[in-house]
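Colleague: A single structure is presented below for examination.
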Amino acid sequence: MILCYHKVSPERKTPWWVSVDKFYSDMIALRSRKVVSLDDYDPLNPDHVVITFDGVYKNIAQYAAPILQEFRYPFELFVIGDYIGRDNEFDVSEPLTPFASIEYLKRMEAMGGKVQWHTRTHALLTQQDPALSAGELEIPEPIRRCFPLPHFNWFAYPHALSSKGSRALVRTKFKGAIACENGDPSDQWNLPRKLVFEGTSVRNKKISIIIPNFNYGHLVHEAIDSALGQTYPADEILVIDDCSTDNSRERISTFRNRVRVEFNERNLGIIDNFNKAVSLATGDFIVFLGADNRMRADYLEKTVPILLAQEEVGVVYTDMMLFGDRSHLLAEKVGAQQVTHENWIWQFPEYNAEALSKLENVNFIHGSSIFRRKAYDAVGGYRKSGRPEDHDFFHRILMHGWKAARSPHALIEYRQHSENQANTKLSNEMEIALLKRELAFALEGTKSSNIVQLGTKIERFSQKIPYLNRSLNFLSGTILKSLGVLKTIVRTMKLMRPRRS
Amino acid sequence: MSSSSQNKIQSADELNQHYSAEDPWEYESNPHDAVRIQRFKRLIAGRRFRRALDIGCGNGFLTREIPAAEVMGIDLSTAAIEIARSKLPDPRFQFDSLSVFDAHSRTLGQFDLVVITGVLYPQYIGGAYRLIDANLRSLLCPGGRLIHCHIFEWLRYTPTLNLLSRETYQYRDYTHVLEERVAE
Ligand SMILES: C[S@@+](CC[C@H](N)C(=O)[O-])C[C@H]1O[C@@H](n2cnc3c(N)ncnc32)[C@H](O)[C@@H]1O
């Protein structure tokens, strides 16, 4: 697979701009494959990936290249010769944006980039004028001197389009050439490549976060929020309620737009519920998060690359932070380090033969460790035993021959609270805030059904907590207003339809 | 993480224009802002920091409340920084015009307290929270504290630091979240 990016920047001005956050996520996802240069690329090897940039814009030097250097990935820079160091004036549909100068290209070369040719002026090579094509393929001597071989071995067609004639000409001057989706993997002078936009996924492994809940209705929103806030997002968040008797159902439903929700008809108990959850989940990597706990925002960012890069690792465990008014009790027992009187960092041993030999009796692979579905399948999932289900499960995975790895960060925040600590007022305020935010998300998608659902929920909520009425009145107002806006949109769309056809 | 296709960031010029008024968001007169200052002061009551940084400090409305031997305030808007300097001539405070994108320990050194309030929104950060996150982490010394306060409905970012405390309360037509986090 050859990937093609144009602009990478904090801002996105048109669909050709990809955010820095998205680009970084893509680079993490590529840990599961082999990123190679075009010179080393085998189009028929599904593990091979090449990263290319067309333009090449200055923002690639500012934002993408440092990330590529951090990952030690090679990359290819397809320059439009006459525009090096100038603006993209020829591209009338795009805002003016500077291209990288020779100096910036040199800097990127030092970070692992190779400079390749993308014509002199980005002219279409489909016309039958061989003189034009020849001129476009000519690399001026001063540029050639700045980037001698192995630079300029490869060529990319402007707009990915070529004619028989121009392809024949390219053959005489370059080692190979690339188009876009229209290419052919068996044609070295017309290889396919994938354009990457903000919504394009380059992942080949899926991640599921599972939040099993039983009667933690007053806390579960914090767990869900922490799962939604991951810097490397999960592909799926599954909240599975094991037939709670509190108001969990209603509270979990708030998040319906962005998480999968499953309500058990009857209480299954931990083991059966966990196995059911895994059977529903679609991820290759799975992590269980207790409904009363939280994940740090970089939980997946820190643990997933280990699973992506090391196939022999079946489970990745982390350190944890204990929090809550009873945290000191457990902390003192296990020798955790104090941060405040209610926050303690509990570090676990590094994974090695000695640790493994003790695992039978001392569990250091906590229940919110992330595991590979293949390892789960290999040992037949969770089962009833004399010891805690997670200890038993992970122990069997390691006995089966899988390796474990530790991410030495407190990526799980583990609640140790007394029953009377749960501050319901605070929790409610937080929930209202979450409701409002979910409303904002629903509005972004402009799905009126979601908004109506939320509206009903908020109304029901408001009857229960009269002291928050003010904020709720405001919310209902917003919802009514948004419904108005939506109706207008729908009306406009209806008006537009006949014109389109 | 908005999926809409555009995501523009306010420029220094736009912000400077905004600061042609000394107190563009009317913090000094809005009772909600008095409340957020009270909440902040209560959170840090009885503590004293060595070196603190306020990122996106604006005219210094909150900066002046930070109990540290040395307080640095930075903002992208030069106009805001001038107002802050004239309002707080005390040498304990130092104000500089600098973007959060360029705020890194390489140039500023480390702090035992970093404060950032009302800045981590898409209109200022776009889709580059990761750069901000890396900067914040670099600026904190081990065990250093990050205190941030934002309109929850607008916040699309969670710092990658352990959460020590969180409170939420009504702020204007929204909900504010005030958090303290700790560096590794
Ligand atoms: C809503 S105000 C908050 C001011 C102040 N922190 C407070 O809480 O009272 C946002 C501030 O962020 C500043 N700002 C916006 N983008 C910035 C950037 N890239 N770097 C630093 N400051 C920025 C603005 O100039 C403005 O002063």
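Note that the protein sequences, when read in sequence, are chains A and B. Take 3 as the starting number for the first sequence in the numbering used here and just add one per residue. Take 3 as the starting number for the second sequence in the numbering used here and just add one per residue. Cβ atoms here follow ideal geometry from the backbone N, Cα and C, with glycine treated the same way. Keep in mind it's a predicted model, so treat the numbers as computed, not measured.
1. Does ligand 1 have a heavy atom nearer than 7 Å to the CB of B:A82?
2. Looking only at its chain, what residues have a beta carbon closer than 8 Å to the beta carbon of A:L171, apart from the 5 residues adjacent to it on each side?
3. List the residues of chain B that A:D300 touches, going by C-beta distances under 7 Å, in chain order.
4. Unbroken beta strand (DSSP E) runs of length 3 or more, entirely within the region 46–90 of chain B: which are they?
5. Answer yes if the region 36–44 of chain A comes into contact with the region 68–80 of chain A, meaning at least three C-beta pairs across the two stretches below 8 Å, and no otherwise.
6. Report the rounded CA-to-CA distance for A:I69 versus A:R389, giving the unit in angstroms.
7. Going by beta-carbon coordinates alone, are B:V184 and B:G145 separated by less than 8 Å?
8. Should A:R14 go down as buried or exposed, given a rule of 16 or more other Cβ atoms within 10 Å for buried?
9. What does DSSP give as the partner residues of B:Q172 in its beta bridges?
10. Taking A:M372 and A:F265 to be in contact with their CB atoms under 8 Å, please state how far apart those CB atoms are, rounded to whole angstroms.
11. Using the beta-carbon count (16 or more within 10 Å), is A:N363 buried or exposed?
12. With respect to 7 Å, is the separation between the Cβ of B:I57 and the closest non-hydrogen atom of ligand 1 below this value?
13. What are the start and end residues of each continuous alpha helix (DSSP H) run of 4 or more residues lying completely inside the region 27–105 of chain A, in chain order?
14. Check whether the Cβ atoms of A:I347 and A:D321 lie closer than 8 Å to each other.
15. Quick check: the region 166–173 of chain B against the region 129–141 of chain B, are at least 3 beta-carbon pairs closer than 8 Å?
16. Entirely within the region 249–300 of chain A and at least 4 residues each: give me those alpha helix (DSSP H) ranges in chain order.
17. Entirely within the region 127–188 of chain A and at least 4 residues each: give me those alpha helix (DSSP H) ranges in chain order.
18. Could you tell me which residues DSSP pairs with B:V184 in its beta bridges?
19. Going along the chain, which residues of the region 338–366 of chain A sit with their C-beta nearer than 9 Å to a C-beta in chain B?
20. The region 390–415 of chain A: which residues have C-beta closer than 8 Å to a C-beta of chain B, in chain order?
21. So does B:I153 have its beta carbon nearer than 7 Å to some heavy atom of ligand 1?
22. Evaluate the contact criterion for the region 333–351 of chain A versus the region 238–257 of chain A: three or more CB pairs, one atom per stretch, below 8 Å.
23. Which same chain residues, not among the five before or five after A:L5, have their C-beta less than 6 Å away from its C-beta?
24. On the three-state DSSP scale, how would you describe A:P194?
25. Determine contact between the region 354–361 of chain A and the region 379–386 of chain A, defined as no fewer than three beta-carbon pairs at a distance below 8 Å.
26. Apart from the five residues just before and just after A:V51, which ones in its own chain have a Cβ nearer than 6 Å to its Cβ?
27. Looking at B:F97 and ligand 1, is the gap between the Cβ and the nearest heavy atom below 7 Å?
28. Tell me which residue opens and which closes the beta strand (DSSP E) that A:V341 is part of.
29. For the region 112–144 of chain B, which residues have a beta carbon sitting closer than 8 Å to at least one beta carbon of chain A?
30. Between A:A407 and B:G75, what straight-line distance do the alpha-carbon atoms span, to the nearest angstrom?
31. Does A:E140 come within less than 8 Å of chain B when only Cβ atoms are used?
32. Evaluate A:P410 with the Cβ neighbour count: other Cβ atoms within 10 Å of its Cβ, from every protein chain shown; 16 or more gives buried, anything less gives exposed.
33. In this structure, does DSSP put B:L157 in helix, strand or coil?
34. Looking at B:T119 and ligand 1, is the gap between the Cβ and the nearest heavy atom below 7 Å?
35. Where in the region 322–362 of chain A do unbroken runs of the alpha helix (DSSP H), each at least 4 residues long, occur, reported from the N-terminal end onward?
36. So is B:Y29 in contact with chain A if we call contact Cβ pairs under 8 Å?
Modeller: Result, derived from the coordinates:
1. Start at 1 with the first residue of the second sequence, and residue 82 of chain B comes out as number 80. Yes; taking the cut-off as 7 Å, the Cβ of B:A82 has a heavy atom of ligand 1 nearer than that.
2. As a position in the first sequence, residue 171 of chain A is number 169, starting the count at 1. These residues qualify, in order along the chain: P132, S135, A136, L139.
3. Taking the first residue of the first sequence as 1, we reach residue 300 of chain A at position 298. The contacting residues are T162.
4. 51–57, 70–77
5. yes
6. Reading the first sequence from its first residue, position 67 is the one you call residue 69 of chain A. Reading the first sequence from its first residue, position 387 is the one you call residue 389 of chain A. In a straight line, the C-alpha of A:I69 is about 44 Å away from that of A:R389.
7. One-based indexing of the second sequence puts residue 184 of chain B at position 182. One-based indexing of the second sequence puts residue 145 of chain B at position 143. In this structure, the beta-carbon distance from B:V184 to B:G145 falls below 8 Å.
8. Locating residue 14 of chain A in the first sequence gives position 12, where the first residue counts as 1. A:R14 is buried by the Cβ-count criterion.
9. As a first step, residue 172 of chain B is located in the second sequence; it is residue number 170 there, counting from the start. According to DSSP, B:Q172 bridges with B:T177.
10. Counted from its first residue, the first sequence places residue 372 of chain A at position 370. Counted from its first residue, the first sequence places residue 265 of chain A at position 263. Here residue 372 of chain A is Ile; the residue named in the question, Met, does not match the sequence. Not confirmed; about 25 Å, so no contact.
11. Working through the first sequence from its first residue, we reach residue 363 of chain A at position 361. When all chains shown are included, A:N363 counts as exposed.
12. To locate residue 57 of chain B, count along the second sequence from 1; it is residue 55. Indeed, a heavy atom of ligand 1 lies less than 7 Å from the Cβ.
13. Here the runs fully enclosed are 67–73.
14. Against the first sequence, residue 347 of chain A aligns to sequence position 345. Against the first sequence, residue 321 of chain A aligns to sequence position 319. One thing to note: A:I347 has its Cβ within 8 Å of the Cβ of A:D321.
15. No, they do not touch.
16. 250–255, 271–282
17. 132–139, 143–148, 166–175
18. In the second sequence, the residue the question calls residue 184 of chain B occupies position 182. For B:V184, the beta-bridge partners assigned by DSSP are B:R147, B:N164.
19. V341, T342, E344, N345, I347
20. H411, A412, E415
21. Taking the first residue of the second sequence as position 1, residue 153 of chain B is located at position 151. Answer for B:I153: no, Cβ out of range of ligand 1.
22. no
23. The residue given as residue 5 of chain A occupies position 3 in the first sequence. I53, K196, V198, listed in sequence order.
24. In the first sequence, the residue the question calls residue 194 of chain A occupies position 192. Coil.
25. The region 354–361 of chain A, when compared against the region 379–386 of chain A, does not touch it at the 8 Å Cβ threshold.
26. Residue mapping note: residue 51 of chain A aligns to position 49 of the first sequence, counting from 1. These residues qualify, in order along the chain: M3, L32, R35, V37.
27. For this step, residue 97 of chain B is matched to residue 95 along the second sequence. Result no, Cβ not under 7 Å from ligand 1.
28. Within the first sequence, residue 341 of chain A is the residue found at index 339, counting from 1. Residues 339–342.
29. I127, G128, G129, A130, Y131, R132, L133, D135
30. As a working mapping, residue 407 of chain A is identified with position 405 in the first sequence. As a working mapping, residue 75 of chain B is identified with position 73 in the second sequence. Near 41 Å, if we compare the C-alpha coordinates of B:G75 and A:A407.
31. Along the first sequence, one-based indexing puts residue 140 of chain A at 138. Not closer than 8 Å to any Cβ of chain B, the Cβ of A:E140 fails to qualify, so no.
32. Numbered from its first residue, the first sequence carries residue 410 of chain A at position 408. Around the beta carbon of A:P410, fewer than 16 other beta carbons lie within 10 angstroms, which makes this residue exposed.
33. As a first step, residue 157 of chain B is located in the second sequence; it is residue number 155 there, counting from the start. In the structure shown, B:L157 falls within a coil segment according to DSSP collapsed to helix, strand and coil.
34. Reading the second sequence from its first residue, position 117 is the one you call residue 119 of chain B. Yes, the beta carbon of B:T119 sits closer than 7 Å to at least one heavy atom of ligand 1.
35. 329–336, 355–361
36. Stepping through the second sequence from its first residue, residue 29 of chain B is reached at position 27. Judged by the 8 Å Cβ criterion, B:Y29 is not in contact with chain A.
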